[in-house]
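> If you scroll down you'll find the structure; I have some questions about it.
There are 2 protein chains.
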Amino acid sequence: MYVLHDSRLSGNAWKVRILLSQLGLPFRRVSYVLPEGRTRTPEFLAKNPVGKVPMLELPSGEALFESNAILCHLAEGTPFLPEGLDRARVLQWMFFDQSEALKALAGARFWIGIAKKPEEKAAEIPVWHAAGNKALGILDGHLAARDFLVGERYTIADLANFPYVAMAHEGGFDMARYPNVTAWIDRIRAQPGHVPLIQDDAKGVV
Amino acid sequence: MYVLHDSRLSGNAWKVRILLSQLGLPFRRVSYVLPEGRTRTPEFLAKNPVGKVPMLELPSGEALFESNAILCHLAEGTPFLPEGLDRARVLQWMFFDQSEALKALAGARFWIGIAKKPEEKAAEIPVWHAAGNKALGILDGHLAARDFLVGERYTIADLANFPYVAMAHEGGFDMARYPNVTAWIDRIRAQPGHVPLIQDDAKGVV
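Those sequence lines, one after another, are chains A and B. With full-length UniProt numbering applied, the first sequence closes on residue 206, and no number is skipped along the way. With full-length UniProt numbering applied, the second sequence closes on residue 206, and no number is skipped along the way.
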C-alpha cells in the first residue's frame, strides 16, 4: 500500500492524490498540520531531508520526495508519461512548473489567500506577481493552439502545472487575462478520476 | 547536429555542455551576451517562450528548453539515467536542484560574484543565503554516506546539481562547512569527459 504524506492545502500534494486516483492505486493518507513541525522530526527527515510534503512511501517501504518526481515514478509505463520526444517535452513543462511558475504562484496564494497577511510580504508580492504573470502568459500562449501542454493529450505535464495555476486567483492573479489557461483548467478538472483539493470525506483519509 | 544556445557564465548551460561532451555528441554552440536581449526576440521566443538559455536544438530541428529536461532527453538509454527506482531518485534530486537549491545559489552568485552589486539585493541576499545553506546542508548530509547522489554512480542527478553548487562560493557561501559536498565536487570534476565552465578555445565554440 502506498502511504502519501501530505497537508490539506498543499497543491504539490494535491497533484499526487489526483494521479493516484487516476491510476486506481489505493493509498493511505497521512495529513500534517504544517505549523506543528511534524515534518521536521528526526523520523521524517530520515525519510525526506527536505522536511516537506508531499512524500510518498512506496509499497516496498522506500520513500520518495519532490512531487514531480513522484508523478514520474507513478506514471512510468502509462499514457500519462509518453516515450520519446514527447517525454522530453513533458519533463520540460514539469521543470518549468518548478523553475518558473510554482514559487511565484504559491507564494502569492499563501500570503494573500491563506495566511491573509500580505503586509508581511509587501516586498515579495510584486515580484511574485510579475513572475507569476510571466509564467501564466507563457502557458496561455502555448495553450492558444493546443488543448494540453504536450502531444494533444492529458499527461503529467498538465497535472504538474495544474494545482497552483488553478489556485492562482487566490493569490490575486487576474485569470480573465488568460482565457486559454482557464479553458485548460476546466479540461483538467474534467479528466476521469480527478479529485478536488478538499476531500476530507474521501476513503482512505486519516 | 545539435545546436546549444547558451551563455558564457550560465551554470544551467554548463551542465548541458558537460553531458554533450561525456556522451561524445558533437554540437554547435551559439553563445549570447544576455543583456543584449537576443533571447527575447520573436525568433527565439518562438522556439523557447521562456526566453532563457540553455536551449538545445535537436538534429530534427525541434527545440527543447529547461536544462534538466535536456539532460534527461540526452541521457535516455545511457547509464547516466538509470531505470526503476533509481530513475525516480535521479529525478527527485533533479527537481530538488530546481525547487530548493538553484534560485538561492545562483541569485547570490550573480549579484555578489558577477554583477558585484550586492547592495541592490540587500533584502534578498540573506534569504538566498538561508535557503542555499539549507540546500547545501541537505546535500552534505546525503553525501555523508555515499559518493554520488543516487546509486553509487555518477548520474545526471549529480550533474544537474553540480554547477551552482560548485560555484556557490562566488555567492559568499562558506563551503568549508560542507566537506562532503566539496569532496563530491572534486569527484564530479574528475569524471571522464568533464569540461570546465570557460572553454572558449574548445572545438565547436562560436
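Every residue gets a Cβ at the ideal spot worked out from N, C-alpha and C, and that includes glycine.
#1: Whole angstroms is fine: what's the gap from P59/B's alpha carbon to V3/B's?
#2: Determine which residues of the UniProt domain "GST N-terminal" (1-82) of chain B have a Cβ less than 7 Å from any Cβ of chain D, and write them out in chain order.
#3: Considering only their Cβ atoms, is the gap separating M1/A from P26/A smaller than 8 Å?
#4: Assuming L139/B and N161/B are in contact, meaning their beta carbons sit under 8 Å apart, how far apart are those beta carbons, in whole angstroms?
#5: Using a beta-carbon distance below 8 Å, is I156/B in contact with chain A?
#6: From A69/B to R29/A, what distance separates their C-alpha atoms?
#7: Restricting to Cα atoms, I'd like to know which of H5/A, S10/A, G24/A is closest to M167/A.
#8: CA-CA distance, Y154/B and A190/A?
#9: Report the partner residues of H5/B according to the DSSP bridge assignment.
#10: Going along chain B, which residues have a C-beta under 9 Å from H142/A?
#11: So which residues of chain A does A168/B contact, with C-beta pairs closer than 9 Å?
#12: Nearest CA to the CA of E170/A: which residue from A101/A, A183/A, L105/A?
#13: In or out: L23/A buried (at least 16 other Cβ within 10 Å) or exposed?
#14: Which full runs of the alpha helix (DSSP H) of 4+ residues lie inside the UniProt domain "GST C-terminal" (83-206) of chain A, going along the chain?
#15: Which residues of chain B have a Cβ atom closer than 7 Å to the Cβ of E100/A, listed in chain order?
#16: Given 8 Å as the limit, is there contact between the segment 111-121 of chain B and the segment 115-125 of chain A, that is, 3 or more CB pairs closer than that?
#17: From which residue to which residue does the beta strand (DSSP E) around residue 207/B run?
#18: Under a Cβ-count criterion, where at least 16 other Cβ atoms within 10 Å of its own Cβ denotes burial, should A145/A be classed as buried or exposed?
#19: Please confirm whether L85/B has its beta-carbon closer than 8 Å to some beta-carbon of chain A.
#20: Less than 8 Å between the beta carbons of W14/B and P192/B, yes or no?
#21: For the segment 122-133 of chain B and the segment 93-104 of chain B, state whether three or more C-beta atom pairs, one from each stretch, are separated by less than 8 Å.
#22: Tell me whether the beta-carbon of L143/A lies closer than 8 Å to the beta-carbon of V181/A.
#23: In terms of residues, what are the limits of the alpha helix (DSSP H) holding N12/B?
#24: On a Cα-Cα basis, can you pick out the residue from F80/B, L136/B, V127/B that is closest to E152/B?
#25: With DSSP run on the structure shown, which of helix, strand or coil describes F44/B?
#26: For L25/B, which of helix, strand or coil comes out of DSSP?
#27: Listing by chain order, which chain B residues have their CB less than 9 Å from the CB of Q199/A?
#28: Looking only at its chain, what residues have a beta carbon closer than 6 Å to the beta carbon of G113/B, apart from the 5 residues adjacent to it on each side?
#29: Give every residue of the same chain whose Cβ lies closer than 7 Å to the Cβ of V53/A, excluding the five residues on either side of it in the sequence, and list them in chain order.
#30: I need the straight-line Cα distance from D174/B to A108/B, nearest angstrom please.
#31: Cutting at 6 Å between CB atoms, please list the residues of its own chain near E57/A, excluding the five before and the five after it.
#32: Any idea if E76/A is buried or exposed, counting beta-carbon neighbours within 10 angstroms, 16 or more meaning buried?
#33: Pull up the distance between the alpha-carbon of L136/B and that of Y178/B, whole angstroms please.
#34: Is the beta carbon of R87/A closer than 8 Å to that of D147/A?
#35: Is the shortest distance between the beta-carbon of L105/A and the beta-carbons of chain B less than 8 Å?
#36: Let me know the secondary structure DSSP gives L81/B once reduced to three states.
In short, the structure shows the following:
#1: Taking the straight line from one Cα to the other gives about 8 Å.
#2: Included in the structure are the protein chains A and B, with no chain D among them.
#3: P26/A is a Cβ neighbour of M1/A, given a cutoff of 8 Å.
#4: At roughly 7 Å, the Cβ-Cβ gap stays under 8 Å, so L139/B and N161/B are in contact.
#5: So no, I156/B is outside the interface.
#6: Looking at the two C-alpha atoms, the distance is approximately 30 Å.
#7: Selection H5/A, S10/A, G24/A evaluated against M167/A yields S10/A as nearest (Cα-Cα).
#8: Going by C-alpha positions, Y154/B is about 42 Å away from A190/A.
#9: DSSP, once it has assigned bridges, lists V30/B, M55/B as partnering H5/B.
#10: Here the neighbours are P49.
#11: Near A168/B there are no residues of chain A at all, since even the closest Cβ is about 18 Å away, more than 9 Å.
#12: The option with the nearest alpha carbon to E170/A is L105/A.
#13: Counting every other CB atom within 10 Å of its CB across the protein chains shown gives L23/A a total below 16, marking it as exposed.
#14: List check, alpha helix (DSSP H) in window: 84-96, 102-108, 124-142, 156-166, 179-189.
#15: Under the 7 Å cutoff, chain B gives V50.
#16: Result no; under three Cβ-Cβ pairs closer than 8 Å.
#17: An answer regarding residue 207/B cannot be provided, because it is not within the stretch 1 to 206 covered by chain B.
#18: With fewer than 16 other Cβ atoms inside 10 Å of its own Cβ, A145/A counts as exposed.
#19: For L85/B, the answer is yes, since a Cβ of chain A falls inside 8 Å of its Cβ.
#20: By the CB criterion at 8 Å, W14/B and P192/B fall outside the cutoff.
#21: With a cut-off of 8 Å, the segment 93-104 of chain B and the segment 122-133 of chain B count as touching, because enough Cβ pairs lie within range.
#22: Result yes, Cβ atoms of L143/A and V181/A sit closer than 8 Å.
#23: From DSSP, the alpha helix (DSSP H) with N12/B extends over 11-22.
#24: Checking every option, the nearest Cα to that of E152/B belongs to F80/B.
#25: In the three-state reduction of the DSSP assignment, F44/B falls in the helix class.
#26: DSSP places L25/B in coil when its eight states are reduced to three.
#27: Result: empty, since nearest Cβ-Cβ is about 25 Å, beyond 9 Å.
#28: Counting only Cβ-Cβ distances below 6 Å, and skipping sequence neighbours, we find E170, G171.
#29: Apart from sequence neighbours up to five positions away, the residues of its chain that approach V53/A with a beta-carbon distance below 7 Å are H5, D6, S7, S10, A13, Y32, T39, ordered along the chain.
#30: Rounded to whole angstroms, D174/B to A108/B spans 12 Å at the Cα level.
#31: If we look at E57/A and ignore the five residues flanking it on each side, its Cβ neighbours are V3, A63.
#32: Exposed is the call here.
#33: The C-alpha of Y178/B is placed about 7 Å away from the C-alpha of L136/B.
#34: Contact flag unset, no.
#35: For L105/A, the answer is no, since every Cβ of chain B falls outside 8 Å of its Cβ.
#36: It is coil, neither helix nor strand.
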